[in-house]
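Taking it in order: structure first as structure tokens, then the write-up.
Numbering (our numbering), first residue to last: 157 to 414.
Put into structure tokens, the structure is as follows:
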């Protein structure tokens, strides 16, 4: 009998979030699961790590699933680092992060704790996937995501991923019957137009609330935003080598040596 794969599950919404509970359920049907996830929400943390304070990890039991679980006081990236270096006795075969409550498509991948956890695993040479559902509601219905999550995870376990690549998977907030399928896409060119709502507290000190709107500047039909708008699950391969390779030749023409 083939050995079951060892799977690390994490997220940024916290270990009790409905999204990660769904992801754990799906991964239990595929392999042996160890969960290392934040003990409280860590959304928008990006790739932050804890360097100036202590980290706490506690083994806990939240439901009757067969997974082993640890809650961590740190960020999503902290969770992956601790899992690999302190908790696992061998490198996991797969790391899955999510299922995030809300979109991580387009530019949102930069700010995402969900995706940073997956990227941290990828840096360690572990095939990794971040999953997100386009519903920010804590009580979002994740039922329609299960078969797509399982299909993508099983394919990564079977086929592997290129070195330096992780997958950013976003799922539309639709009933399963209305989801048209899975599309491999590129990241759409889009951004947030931020606004700061300036106020004063009762003591007269000024403070700000960050607000704004998401603007899709990309009209292509091969992007994650197009796929999601048209009822598809989007799969974007992303890389953590941030070098702009196409720019190197041009920069070498500059007079940089005085």
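Backbone N, C-alpha and C define an ideal beta-carbon position, used for all residues, glycine too.
These numbers were taken from a predicted model, which means no experiment stands behind them.
Put residue i into one of helix, strand or coil per three-state DSSP.
{"i": "residue 361", "result": "coil"}
{"i": "residue 400", "result": "coil"}
{"i": "residue 379", "result": "strand"}
{"i": "residue 407", "result": "helix"}
{"i": "residue 157", "result": "Reliability of the predicted coordinates at residue 157 is poor, the pLDDT of 49 falling under 50, and no value is obtained from them."}
{"i": "residue 384", "result": "helix"}
{"i": "residue 202", "result": "coil"}
{"i": "residue 372", "result": "strand"}
{"i": "residue 352", "result": "strand"}
{"i": "residue 412", "result": "coil"}
Suppose the cutoff is 7 Å on Cβ atoms and the five residues either side in sequence are ignored; what does the same chain contact list for residue i look like?
{"i": "residue 345", "result": "373, 374"}
{"i": "residue 184", "result": "221, 222, 223"}
{"i": "residue 235", "result": "166, 192, 193, 194, 228, 273"}
{"i": "residue 371", "result": "346, 347, 349"}
{"i": "residue 196", "result": "170"}
{"i": "residue 248", "result": "162, 163, 164, 282"}
{"i": "residue 357", "result": "363"}
{"i": "residue 180", "result": "165, 189, 191, 221, 223"}
{"i": "residue 402", "result": "none"}
{"i": "residue 405", "result": "none"}
Once you ignore the five residues that flank residue i on each side, which residues in its own chain have a CB closer than 6 Å to its CB?
{"i": "residue 230", "result": "206, 211"}
{"i": "residue 365", "result": "353"}
{"i": "residue 198", "result": "168, 231, 232, 269"}
{"i": "residue 367", "result": "351, 353"}
{"i": "residue 157", "result": "Residue confidence is low: residue 157 scores 49 on pLDDT, short of 50, so the model does not pin down where it sits. Its coordinate-derived value is still stated next. Same-chain partners within the cutoff: there are none."}
{"i": "residue 280", "result": "240"}
{"i": "residue 389", "result": "304, 327, 338"}
{"i": "residue 182", "result": "302, 305, 306"}
The alpha helix (DSSP H) with residue i in it runs from where to where?
{"i": "residue 174", "result": "174 to 184"}
Mind checking whether residue i and residue j have CB atoms under 8 Å apart?
{"i": "residue 317", "j": "residue 283", "result": "yes"}
{"i": "residue 164", "j": "residue 251", "result": "yes"}
{"i": "residue 302", "j": "residue 178", "result": "yes"}
{"i": "residue 258", "j": "residue 292", "result": "yes"}
{"i": "residue 347", "j": "residue 263", "result": "yes"}
{"i": "residue 396", "j": "residue 286", "result": "no"}
{"i": "residue 393", "j": "residue 305", "result": "no"}
{"i": "residue 254", "j": "residue 288", "result": "yes"}
{"i": "residue 261", "j": "residue 378", "result": "no"}
{"i": "residue 300", "j": "residue 174", "result": "no"}
{"i": "residue 172", "j": "residue 218", "result": "yes"}
{"i": "residue 310", "j": "residue 186", "result": "yes"}
{"i": "residue 290", "j": "residue 407", "result": "no"}
Counting only the same chain and skipping the five closest in sequence on each side, list residues whose C-beta sits under 8 Å from that of residue i.
{"i": "residue 391", "result": "308, 323, 324, 325, 338, 339, 340, 341"}
{"i": "residue 266", "result": "202"}
{"i": "residue 387", "result": "328, 330, 334, 335, 336"}
{"i": "residue 376", "result": "342, 344, 382"}
{"i": "residue 400", "result": "none"}
Mind checking which residues open and close the beta strand (DSSP E) that includes residue i?
{"i": "residue 194", "result": "188 to 194"}
{"i": "residue 166", "result": "162 to 166"}
{"i": "residue 390", "result": "388 to 395"}
What are the complete alpha helix (DSSP H) segments, minimum 4 residues, inside the segment 300 to 350? If you keep only unbroken alpha helix (DSSP H) runs of at least 4 residues inside the segment 300 to 350, you get 302 to 315.
Which whole runs of the alpha helix (DSSP H) in the segment 211 to 291 are 4 residues long or more, in chain order? Those alpha helix (DSSP H) runs which fall completely within the segment 211 to 291 and span 4+ residues are 232 to 238, 264 to 267, 269 to 279.
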